[in-house]
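Residue numbers (the UniProt record's numbering): 1 to 325.
Okay, so here's the structure we're looking at.
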């Protein structure tokens, strides 16, 4: 009897061990399957992120075009000539230049009216251009970009002229080495926000975060925090300007848009013609090294530099230009 009990206990023990082992096996197998699925999801996610990164410029361009096309359009050509860089520009001349250089179609005139009013009401913090000396600043938005910024730097270095790069913090995180190249080649680095958010549509706290986060990133790479900022889309509201008026920042738009963001009119010859027609003392010229395919921007840059210098203008950074304002 005792022997039978021992055998029964042994059988029960063996069965229990078998069940436990089998259960453990299936649990581990299930966990491994879940792990593999998670790894697959992470891998796919990383591929997706790389795809987003590689197409990030195109996405920004589409976003830019959607909003900016409603506020900026190319005006029809006129036969007005600016004369030479040594001629004195009158207030009337300035009005005509600015209207054609940054004015969209009639129904969107409120954009130009707003930024010009802001430049008048906030003269110590918001700028469209420099003074009336024969100096011009070339500026680039939405970089750094590995496909186009190096080519732009090569052209600038060939002609030994400076430029100002309004960089996105998110892009600097992807391409910090290009930011360092910009700085080491003597060009000015300025702030264009972190995510390319429309400042006028977000809170002051969010604007501050966009600016400070980007400045933190820039400072880690080149050792200083820019005070020059370009609001994405050139858009910022009065309350924000009033808030930042004592923060040592300067918000800088442009007075001559090359329209390189607009595929309909960004042929190099068209852009060169536009700049030649609208160039004026103190001009801040808007170009892009990111946000889309900027091949034509790289192509037209030598012609723009040569024309600007042949016409008697000195190319300077935005900061230097504003010192003469």
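Idealized CB from N, CA, C, for every residue including glycine.
Keep in mind the model is a prediction, meaning the values are calculated, not measured.
Check whether the Cβ atoms of residue 287 and residue 130 sit closer than 8 angstroms, and answer yes or no. Working through the chain shown from its first residue, we reach residue 287 at position 287. Working through the chain shown from its first residue, we reach residue 130 at position 130. Against a cut-off of 8 angstroms, the Cβ pair of residue 130 and residue 287 comes out as no contact.
Taking residue 162 and residue 199 to be in contact with their CB atoms under 8 angstroms, please state how far apart those CB atoms are, rounded to whole angstroms. For the purposes of this step, residue 162 is taken as residue 162 along the chain shown, with counting starting at 1. For the purposes of this step, residue 199 is taken as residue 199 along the chain shown, with counting starting at 1. Wrong, their Cβ atoms sit about 26 angstroms apart, outside the cutoff.
Residues in the same chain with beta-carbon distance under 6 angstroms from residue 126, minus the five sequence neighbours each way, listed in chain order, please. In the chain shown, counting from the first residue as 1, residue 126 sits at position 126. Closer than 6 angstroms at the Cβ level, and outside the excluded window around residue 126, lie 118, 119, 241, 251.
What does the Cβ neighbour count give for residue 215, buried or exposed, with the cut at 16 atoms within 10 Å? The sequence position of residue 215 within the chain shown is 215, counting from 1. Classification of residue 215: buried, given that the 10 Å Cβ count is 16 or more.
State the start and end residues of the unbroken beta strand (DSSP E) segment that holds residue 189. Within the chain shown, numbered from 1, the residue matching residue 189 stands at position 189. Boundaries of the beta strand (DSSP E) around residue 189: 188-191.
Tell me the DSSP secondary structure of residue 290 in three-state form. Position 290 of the chain shown, counted from the first residue, corresponds to residue 290. Judged by DSSP in its simplified three-state form, residue 290 adopts coil rather than helix or strand.
DSSP state of residue 122 mapped onto helix, strand, coil: Taking the first residue of the chain shown as 1, we reach residue 122 at position 122. The DSSP-derived three-state label of residue 122 is coil.
Check whether the Cβ atoms of residue 305 and residue 254 sit closer than 8 angstroms, and answer yes or no. Working through the chain shown from its first residue, we reach residue 305 at position 305. Working through the chain shown from its first residue, we reach residue 254 at position 254. No, these two residues do not count as a Cβ contact at 8 angstroms.
Short check: CB of residue 301 to CB of residue 278, under 8 angstroms? By one-based count along the chain shown, residue 301 stands at place 301. By one-based count along the chain shown, residue 278 stands at place 278. For the pair residue 301 and residue 278, the CB atoms are not nearer than the 8 angstroms cut-off.
Following the continuous alpha helix (DSSP H) through residue 138, name the residue where it begins and the one where it ends. Numbered from 1 along the chain shown, position 138 holds the residue referred to as residue 138. Per DSSP, residue 138 is not a residue of any alpha helix (DSSP H); the beta strand (DSSP E) it occupies stretches across 135-143.
In chain order, which alpha helix (DSSP H) runs of at least 4 residues are fully inside the stretch 191-265? List check, alpha helix (DSSP H) in window: 204-222, 238-244.
Could you tell me the alpha carbon to alpha carbon distance between residue 196 and residue 167, rounded to whole angstroms? The residue labelled residue 196 in the question sits at position 196 within the chain shown. The residue labelled residue 167 in the question sits at position 167 within the chain shown. In a straight line, the C-alpha of residue 196 is about 10 angstroms away from that of residue 167.
Under 7 angstroms Cβ to Cβ from residue 170, same chain only, skipping five residues before and after it: list those, please. Taking the chain shown and counting its residues from 1, one reaches residue 170 at position 170. Closer than 7 angstroms at Cβ, skipping near neighbours: 194, 195.
Mind checking which residues open and close the alpha helix (DSSP H) that includes residue 149? Taking the first residue of the chain shown as position 1, residue 149 is located at position 149. Where residue 149 is concerned, the enclosing alpha helix (DSSP H) stretches over 149-159.
At a threshold of 7 angstroms, does residue 169 count as lining the ligand SAH (C-beta to nearest heavy atom)? In the structure shown, the ligand SAH is absent, as is every other ligand, since no ligand is present at all.
Rounded Cβ spacing between residue 275 and residue 139 (contact assumed at less than 8 angstroms): Within the chain shown, the letter at position 275 stands for residue 275. Within the chain shown, the letter at position 139 stands for residue 139. Taking a contact as a CB-CB distance under 8 angstroms, the pair residue 275 and residue 139 does not count as one, their CB atoms being some 13 angstroms apart.
Let me know the secondary structure DSSP gives residue 321 once reduced to three states. Position 321 of the chain shown, counting from 1, holds the residue named residue 321. Residue 321 falls in the helix class under three-state DSSP.
What does residue 285 pair with, by DSSP beta-bridge criteria? The residue given as residue 285 occupies position 285 in the chain shown. Partner(s): 138, 256.
Beta-carbon separation of residue 152 and residue 179 under 8 angstroms? Along the chain shown, one-based indexing puts residue 152 at 152. Along the chain shown, one-based indexing puts residue 179 at 179. No, the Cβ-Cβ distance between residue 152 and residue 179 is not below 8 angstroms.
Residues in the same chain with beta-carbon distance under 7 angstroms from residue 221, minus the five sequence neighbours each way, listed in chain order, please. Numbered from 1 along the chain shown, position 221 holds the residue referred to as residue 221. Counting only Cβ-Cβ distances below 7 angstroms, and skipping sequence neighbours, we find 172, 176, 179, 180.
Relative to the C-alpha of residue 229, which candidate in 136, 111, 142 has its C-alpha closest? On the chain shown, residue 229 is found 229 positions in, with the first residue counted as 1. The shortest C-alpha separation from residue 229 is found at 142.
Euclidean distance between Cα positions of residue 190 and residue 227: Here residue 190 refers to the residue found at position 190 of the chain shown. Here residue 227 refers to the residue found at position 227 of the chain shown. Residue 190 and residue 227 have their alpha carbons spaced roughly 7 angstroms apart.
In terms of alpha-carbon separation, which member of 225, 235, 210, 174 lies closest to residue 201? Residue mapping note: residue 201 aligns to position 201 of the chain shown, counting from 1. The option with the nearest alpha carbon to residue 201 is 235.
Leaving out the 5 sequence neighbours to the left and right, which residues in its chain are closer than 8 angstroms to residue 328 when beta-carbon positions are compared? Because the chain is modelled from 1 through 325, residue 328 falls outside the range shown and cannot be assessed.
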